[in-house]
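Heads up, the thing below is written out as structure tokens.
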Amino acid sequence: MTILDIIEKKRDKQELSKEEIEYFIKGYTEGTIADYQAAALVMAIFINGMTKEETTNLTLSMANSGEILDVFGDGAKKHQKIIVDKHSTGGVGDKVSLILLPLVASCGVPVAKMSGRGLGFTGGTVDKLEAIPGYKTGIDINSFIQNVENIGISMISQTLNLAPADKKIYALRDSISCVESIPLIASSIMSKKIASGANKIVLDVTVGSGAFMKDIEQASQLAKAMIEIGELANRETVCVLTNMEEPLGYAVGNTLEIKEAVEALKGNIPEDVKQVVLELGAYMIKLANVVNTIEEAKELLIEKLQSGEAFNKFIELVQNQGGDISYITDLEKFEKAKYIEPVYSQKSGYIQKINAETIGKLACSLGAGRIRKEDKIDMAVGIILNKKVGNYVEEGDCLGYIHTNNENTLQEAKSKMIETIKIDKQEKEPIKTILKIIS
Ligand code: URA
């Protein structure tokens, strides 16, 4: 067998065997298969798809490309600890993990979270955490486990030897425009979840212009694919379909989102973010057997937010991973972009649409995301929106701000932002945030 045979087979729409998939994953992880060969195969998968069996084999092969973590070892059985993990299929302004995970940890549920970097036009939790000076996302496995044992939470990047095949394929997909594919997303997410040792998994499957799945039909297919993989791997999985038609919350960009998340943990949480956090959090703590019902779970989560325990857990997390907590207690310390330009409405009416993909791409073009794998992110830049779909604005009202370090990008960014915020005389309902639960 050679990689050329495998590429040829997928190019010609044939099904790959378990052995062929394993050959590819092993070779690419070890470096005997070149980036350009992997790119050709990934593009062929993107175009021609995969059967259920191929997707499952790809997931398990990626999960087994490194270690499979056992967070509490024998202790898990002794203390009957249930490890619940969460992952999002990606979005624009998606700072949910930053709020949700300290909140869940403050309810006594251990959180051992391996997050991703920005992918395509979507942001990544790891990039956002790295906006906090000193925060180390790349710690070793022992420190990761120790942190979970000591303070009940650790949030890291995929730098450990956990699903290393996904790490390589994820970065490759990002740089060859091969992100929006059900088998590639399902295998990427589920391989990480299986490798990081969770026995219960809650997935935020985003839908809409700012998501990789543009409609409920596609998102339900992705959700079902991941639930099936979860069943095969003995991991109970619940999918919450959430709306990503407009950006989540108001901030898009790394430091800007950290600031919004900190404000949210202090109780000033945008309504759409709150709904997603409570829904995902409720399923997480219910799966962990902390409560009996979803309603009870939401009450507990609100209590922990209001009492400041979730905020304190976030401070503990940042401190424990080397971050400078003075930035969290004084958000003004974060470096700001050189140019912060307001964007004004050119007409009066109700906001009909704020295309999240366009806003995500705009933030990336300002430097908040990557075009090439090795690109460095500009933490300070991005977009702040002042309005949500359904809000009424007068001509001349401020729609939001562009934060940039490059004066040359300003005019084009302002025009794009005005163009993508559609305003009309007709009244418009706010966007429904929680769309569907699939389990
Ligand atoms: N998140 C992931 O981890 N992988 C994907 O492919 C998409 C979102």
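Quick note on numbering: the sequence shown equals residues 56 to 494 in the working numbering.
Cβ coordinates follow ideal geometry from the N, Cα and C atoms, glycine included.
Keep in mind that this is a model prediction, so the values were computed, not measured.
Residue pairing by DSSP puts Ser209 in a beta bridge opposite Ala167. Taking C-beta atoms under 8 Å as the contact rule, Ala250 and Gly121 qualify, at a distance of about 6 Å.
Its Cα nearest to that of Lys183, the residue Lys150 stands out among Ile58, Lys150, Lys168, Asn202. With 16 or more other Cβ atoms from the protein chains shown falling within 10 Å of its own Cβ, Glu301 counts as buried.
DSSP places Tyr456 in the uninterrupted beta strand (DSSP E) bounded by 453-459. Pairing Ile208 with Gln374, the inter-Cα distance amounts to about 12 Å. In the three-state reduction of the DSSP assignment, Leu124 falls in the coil class. For Gln330, the enclosing alpha helix (DSSP H) stretches over residues 326-342.
Residue range 411-418 is occupied by the alpha helix (DSSP H) that includes Gly415.
With a beta-carbon spacing of about 7 Å, Gly455 and Met472 fall inside the 8 Å limit used to define contacts. Secondary structure of Lys81 (DSSP, three-state): helix.
Nearest to Asn323 by alpha-carbon distance, out of Thr348, Ile357, Lys341, Leu335, is Ile357.
A contact is defined here as three or more CB-CB pairs under 8 Å, and the stretch 363-383 fails this definition with respect to the stretch 340-353. A Cβ-Cβ distance of about 6 Å is found for the pair Ser170 and Met210, placing them in contact under the 8 Å criterion. Not one heavy atom of the ligand URA sits closer than 8 Å to the Cβ of Asp140. Secondary structure note for Asp140: it is in no alpha helix (DSSP H), and the uninterrupted beta strand (DSSP E) holding it is 139-143.
The beta carbon of Lys477 lies closer than 6 Å to those of Gln407, Lys408 in the same chain, with the five residues before and after it left out. Each residue's CA atom was taken as its position, placing Glu283 and Glu450 some 50 Å apart. The three-state reading of DSSP puts Lys477 in strand, counting E and B together. For the pair of segments examined, the stretch 244-264 was found to touch the stretch 214-225: the number of CB pairs separated by less than 8 Å reaches three. Taking 9 Å as the cut-off, the beta carbon of Ala306 is found closer than this to the beta carbon of Leu440.
About 7 Å separates the beta carbon of Val331 from that of Asp259, a gap short enough to meet the 8 Å contact definition.
As a beta-bridge residue in DSSP terms, Asn298 pairs with Val262.
Under the three-state reduction of DSSP output, Met434 falls in the coil class, being neither helix nor strand. In the DSSP secondary-structure assignment, Val307 is bridged to Ile438. Counting only residues of its own chain and dropping the five nearest sequence neighbours on each side, Gly173 has a CB closer than 7 Å to the CB of Gly179, Asp182, Gly424, Arg425.
Secondary structure at Lys391: coil, using DSSP grouped into helix, strand and coil.
Ile438 places its beta carbon 9 Å or farther from that of Asn298. Residue pairing by DSSP places Glu291 opposite Lys255 in a beta bridge. Exclusion of Tyr456 from the 8 Å shell around the ligand URA follows from its C-beta lying no nearer than that to any non-hydrogen atom of the ligand.
Taking non-hydrogen atoms of the ligand URA into account, the C-beta of Phe267 is found less than 8 Å away from one of them. In the three-state DSSP reduction, Leu490 falls in the strand class (E or B).
Relative to the ligand URA, the nearest heavy atom lies less than 8 Å away from the CB of Arg228. Taking C-alpha positions only, Met117 is separated from Ser243 by approximately 8 Å.
At a Cβ-Cβ threshold of 9 Å, Tyr382 and Leu465 do not count as neighbours.
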